[in-house]
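Step one of this worksheet: look at the structure below.
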Amino acid sequence: MMKIAVCIKQVPAYSDGMMDPKTGVMLRDGLESILNVYDLPAIETALKIKEEVGADVHIFTMGPSKASAVIREAYSMGADRGYLISDKSFSGADVLATSYALTQGMKLVEDYDLILCGKQTTDGDTAQVSGAIAKWLKIPHVNWVTKIVGIEKDSITVSQMMEEEIVTLKIPYPCLLSVEPSIFIPRLPSLKLKIGSKKKKIEVLSLVDMEDKEEGNYGLAGSPTKVERIFPVHRTEQQKIIEKDSREAAKYILEVIENINK
Amino acid sequence: MKRQLIYPMEEKYQEYLSDESKMMGKANSISFPQSEEEILEIITKMRKSHIPITVQGGKTGITGCAVPSKGHILNLSNMNRVKEFIKTDEGNTFLRVESGITLLELKKEIRRLKNQEALFWPPDPTESSATVGGIASCNARGISSYLYGDTRKYIEGARVIHFDGTIKDIRRGEIAIPFLGFEKDLLDLYIGGEGMFGILTELTLKLQPKPKEIWGISFFFEKKEDVFDFADSLIRENLQGEKANLAAIEYIDKVTMDEIQKRKAFMTKLKELPDIAPEFCAMVYIEIHGWEEEALEGIAEVLMEMAENCNSDSNRAWALSGDTDIEKMKNLRHGAAECTNLFIEKIRLKEPRITKLGTDMSLEGESFKSVITKYETDIENEGLRACIFGHVGGNHLHVNILPENYEEYEKGRRLLKKWAKEIGEKKGKVVTEHGVGKLKKSIFLQTASRDYIEELERLKNTYDPIKMWNPGNMIEE
Ligand SMILES: Cc1cc2nc3c(=O)[nH]c(=O)nc-3n(C[C@H](O)[C@H](O)[C@H](O)COP(=O)(O)OP(=O)(O)OC[C@H]3O[C@@H](n4cnc5c(N)ncnc54)[C@H](O)[C@@H]3O)c2cc1C
Ligand SMILES: Cc1cc2nc3c(=O)[nH]c(=O)nc-3n(C[C@H](O)[C@H](O)[C@H](O)COP(=O)(O)OP(=O)(O)OC[C@H]3O[C@@H](n4cnc5c(N)ncnc54)[C@H](O)[C@@H]3O)c2cc1C
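Chains S and X supply the protein sequences, listed in that same order. Under our numbering, the first sequence is numbered contiguously, ending at residue 262. Under our numbering, the second sequence is numbered contiguously, ending at residue 739.
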């Protein structure tokens with residue numbers, strides 16, 4: 001049976017724009033946490049493939065212990081197993097360290113045929129983790145996937161949305177896809193599975209479990225990214241008020257839009 | 263230089279002549295005051311010229327309460343500041359706000375409060391652009407009134423400007439006035455008063471500790487018999503506990519689901535929801551609010567069993583938790599009301615005489631099945647189409663007729679009158695949460711007792727002897 005891994009992340013539901021004025025780090029305490037919305041279509045894609053050809057769908061998330069909530073959410077959508085990659089030494093990770101820990105974790109469990117990621121997260125926002133995982137695993141990676149065209153025994157065919165064209169690609173397993181939100185409308189959790197999800201096991205993978213136990217390769221220590229300063233963008237607010245009748249106003253708006261595209 | 267306060271009506275103010283009832287009114291001038299001083303200046307001018315004033319909040323009312331019939335429009339949307347957060351020694355929490363603050367702004371402000379535990383203001387008529395002043399004036403309820411009751415309970419005080427320019431701070435429990443042989447809190451004259459007795463400039467809202475856990479579950483049904491059985495069993499069984507409670511039980515019928523489906527692609531908030539399978543003829547949305555996860559799950563499990571006994575597949579029931587996800591389900595329920603309003607808006611382009619034809623009647627003591635079957639039979643006999651959705655508790659359903667032409671509109675109007683009469687005779691409520699306004703006035707006057715109407719007229723004469731406020735609401739001008 002096909003083995004699929006889906007990487008998902010827990011993020012703050014909203015920021016309210018609150019940052020620590022000194023460090024520029026986003027204040028997450030007390031904010032509601034949710035599953036990164038861009039990861040929902042990745043879960044949905046895995047479940048659709050499972051429904052079509054049969055598959056074992058495993059969820060991976062790196063985060064603190066409360067991040068197990070997003071695994072439960074994936075369970076209530078229909079995922080089979082979930083792994084929380086969590087350790088004190090994993091915190092403060094940048095793209096490199098995040099992707100490394102995820103790769104180490106996945107390697108412990110299975111050789112996956114297909115790894116699915118979301119387009120990006122709503123907090124870190126880099127859209128780099130997926131590509132980095134593929135690099136660690138030395139497997140092909142396709143971004144901007146908008147459609148699963150066909151699922152074959154040893155490959156998957158997908159549509160990729162490029163700037164001006166749609167490319168159809170046939171990729172051999174194992175491979176990694178980052179899916180666009182438009183690929184599927186994610187299903188909502190089912191009541192039966194949601195109630196069942198509380199009793200379902202979540203495995204925690206920490207440093208001692210990993211093949212590479214060198215603390216310095218993970219978390220803050222393993223992150224070459226150095227944040228010098230984070231600051232709000234200076235916004236130049238321009239507000240032009242035009243008073244015209246509806247026909248003239250419509251014409252004017254069209255003109256403005258055309259000028260933007262020039 | 264002093265800023266201009268009063269503007270003559272021009273085309274750009276057209277939207278202020280209407281609200282969500284889709285009635286179209288008339289006015290000569292409009293103002294958007296930013297302070298009490300400005301309100302006083304405006305009303306003094308109007309009083310001198312004998313010009314009546316219609317007060318507006320968010321214009322989301324659905325009975326035409328805020329639609330002007332003449333005179334001046336005083337729109338409060340610029341009075342939306344938060345004034346003070348109060349915590350008493352007993353731990354009660356209050357928020358004093360200007361009345362033009364919208365529900366959306368209020369939620370954000372409450373989230374920002376520095377308080378150990380999270381708080382919320384229970385009234386939530388789902389329309390987030392409604393203002394606190396409008397909600398208070400309609401004594402609106404919204405879906406979780408099943409648990410929390412009406413708005414009245416969550417307003418502790420108000421600051422009111424009267425016709426003569428006097429300003430009064432009124433607190434709950436301070437002054438009682440006689441009403442139909444009983445005593446009524448003076449504050450409750452204004453709450454539900456539809457702006458007929460004075461302008462509320464500030465309200466002191468009673469905040470509540472926010473439930474730690476919220477679940478929203480949508481059950482789907484293929485057969486009507488099954489959904490009726492489920493609804494009736496929900497009311498029969500008492501599922502309320504100490505640590506978790508049912509907060510909302512909402513019914514949505516097939517016609518409504520189809521209308522939502524048709525418009526979904528154009529409604530940003532609904533676009534991301536999966537389609538509802540065509541084989542379903544109705545859904546019931548239930549919200550559980552709780553303090554302990556286990557208690558809440560316990561209720562969810564009982565509900566699952568009850569639903570399965572009524573042939574609703576719990577594998578296909580949607581179950582969400584957390585504020586952000588619950589909002590998706592609320593948007594769906596809100597979409598029900600919004601779609602019927604959009605239908606009317608569209609048909610009005612062809613036939614401007616048509617306005618909203620929706621009921622707000624409740625009838626306790628009868629089975630859900632008998633109430634809904636009665637509506638459906640009447641609608642079918644008249645050859646009409648209607649959306650039926652609303653609160654299962656108290657059989658408080660909103661039947662919204664969808665007329666294709668004026669003839670059907672007239673038929674629908676007659677049906678509404680007939681239902682009002684029948685429900686009035688059975689001692690049900692003809693107007694429950696949306697107010698009377700102008701759209702429901704004839705039904706209201708036809709069904710309310712003579713004593714009640716006379717009492718209202720007496721109060722109007724006492725508190726607004728020069729008939730300055732909101733001409734045309736509730737009683738004859
Ligand atoms: C300038 C800068 C400063 C930062 N400072 C800090 C800091 O001080 N502390 C800190 O903690 N973070 C910080 N971050 C964030 C951190 O680098 C990223 O959150 C982290 O590397 C993951 O990248 P991302 O969120 O951008 O994911 P993306 O690359 O946008 O995510 C793409 C996909 O990868 C998968 N994925 C991403 N993250 C995870 C995960 N954790 N578990 C499972 N799957 C995942 C998901 O499928 C996701 O859709 C900073 C980021 C930047 C750009
Ligand atoms: C899609 C939709 C769904 C809805 N669902 C529900 C629901 O489930 N339950 C429910 O109860 N209601 C519902 N409503 C209606 C709800 O009652 C109104 O949205 C709200 O109560 C009115 O608020 P508003 O600020 O828009 O008031 P407006 O419509 O502007 O005014 C309503 C009345 O209040 C008066 N008023 C407003 N502000 C003041 C003030 N400061 N001082 C004195 N008088 C004032 C006005 O004169 C008018 O008489 C719904 C509406 C919509 C559009």
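We put the beta carbon where it would ideally sit given N, CA and C, even for glycine.
So which residues of chain X does residue i contact, with C-beta pairs closer than 9 Å?
i, result
"I185/S", "K533, E534, L535, P536 and D537"
"E32/S", "G584, D585 and T586"
Counting only beta-carbon atoms, is residue i nearer than 7 Å to chain A?
i, result
"L191/S", "Here chain A cannot be found, since the structure's protein chains are S and X."
Can you tell me which of the three DSSP states residue i falls into?
i, result
"Q221/X", "Absent from the model: residue 221/X. The displayed extent of chain X is 263 to 739, so no value can be given."
"A402/X", "coil"
"R187/S", "coil"
"S86/S", "coil"
"P773/X", "Chain X is shown only over 263 to 739; residue 773/X falls outside these bounds and no answer can be derived."
"S407/X", "helix"
"Q296/X", "coil"
"A250/S", "helix"
"I743/X", "Since the first and last residues shown for chain X are 263 and 739, residue 743/X lies out of range."
"L375/X", "coil"
"W681/X", "helix"
"S361/X", "coil"
"I715/X", "helix"
"R578/X", "coil"
"K472/X", "coil"
For residue i, which residues from the same chain have a beta carbon less than 8 Å from its beta carbon, with the 5 sequence-adjacent residues on both sides left out?
i, result
"M568/X", "F492, S495, L496 and E499"
"G457/X", "T316, V317, C327, A328, S399, W731, N732 and N735"
"E484/X", "E541, F542, C543 and N573"
Between residue i and ligand 1, is the CB less than 6 Å from at least one heavy atom?
i, result
"K9/S", "yes"
"Q128/S", "yes"
"V329/X", "no"
"G216/S", "no"
"T146/S", "no"
"I122/S", "Position check: residue 122/S holds Thr in this sequence, whereas Ile was assumed. False, no ligand heavy atom lies under 6 Å from that Cβ."
Does the beta-carbon of residue i have 16 or more other beta-carbons within 10 angstroms, so that it is buried, or is it exposed?
i, result
"K66/S", "exposed"
"K199/S", "exposed"
"N259/S", "exposed"
"T350/X", "exposed"
"S297/X", "exposed"
"K430/X", "exposed"
Looking only at its chain, what residues have a beta carbon closer than 6 Å to the beta carbon of residue i, apart from the 5 residues adjacent to it on each side?
i, result
"A598/X", "I514, T518 and F651"
"Y218/S", "S89, F90, A97 and A101"
"E554/X", "K505"
"N507/X", "L409 and H551"
"L302/X", "G427"
"A682/X", "V692, I705 and T709"
"A380/X", "K472"
For residue i, go through chain X and note every residue whose CB falls closer than 8 Å to its CB, in chain order.
i, result
"S76/S", "A581"
"L177/S", "Correct list: empty, because the minimum Cβ distance to chain X is about 21 Å."
"E243/S", "K274"
"A249/S", "Under the 8 Å cutoff, chain X gives no residues; its nearest Cβ is about 10 Å from A249/S."
Excluding the five sequence neighbours on either side, which residues of its own chain have a C-beta within less than 7 Å of the C-beta of residue i, listed in chain order?
i, result
"I71/S", "I59, T61, G82, L84 and I202"
"L625/X", "V633, N657, I685, K688 and G690"
"I397/X", "P385, P387 and T413"
"L35/S", "I8, Q10, V70 and E73"
Give me the chain S residues within the contact set of residue i, using Cβ-Cβ distance strictly less than 7 Å, ordered along the chain.
i, result
"S361/X", "The premise fails here: S361/X is roughly 24 Å from chain S at the closest Cβ pair, so nothing lies under 7 Å."
"E563/X", "I195"
Give me the chain S residues within the contact set of residue i, using Cβ-Cβ distance strictly less than 8 Å, ordered along the chain.
i, result
"S495/X", "Per Cβ cutoff of 8 Å: no residues; S495/X is ~17 Å from chain S at best."
Sorry if obvious, but does the Cβ on residue i come closer than 6 Å to a heavy atom of ligand 2?
i, result
"L462/X", "yes"
"S399/X", "yes"
"S390/X", "no"
"P614/X", "no"
"R712/X", "no"
"P733/X", "no"
"E282/X", "yes"
"V317/X", "yes"
Kindly list, in the order they appear in chain X, the residues whose Cβ is closer than 7 Å to that of residue i.
i, result
"K198/S", "E559"
"A67/S", "Those do not exist, as A67/S stays about 14 Å from chain X at its closest Cβ, beyond 7 Å."
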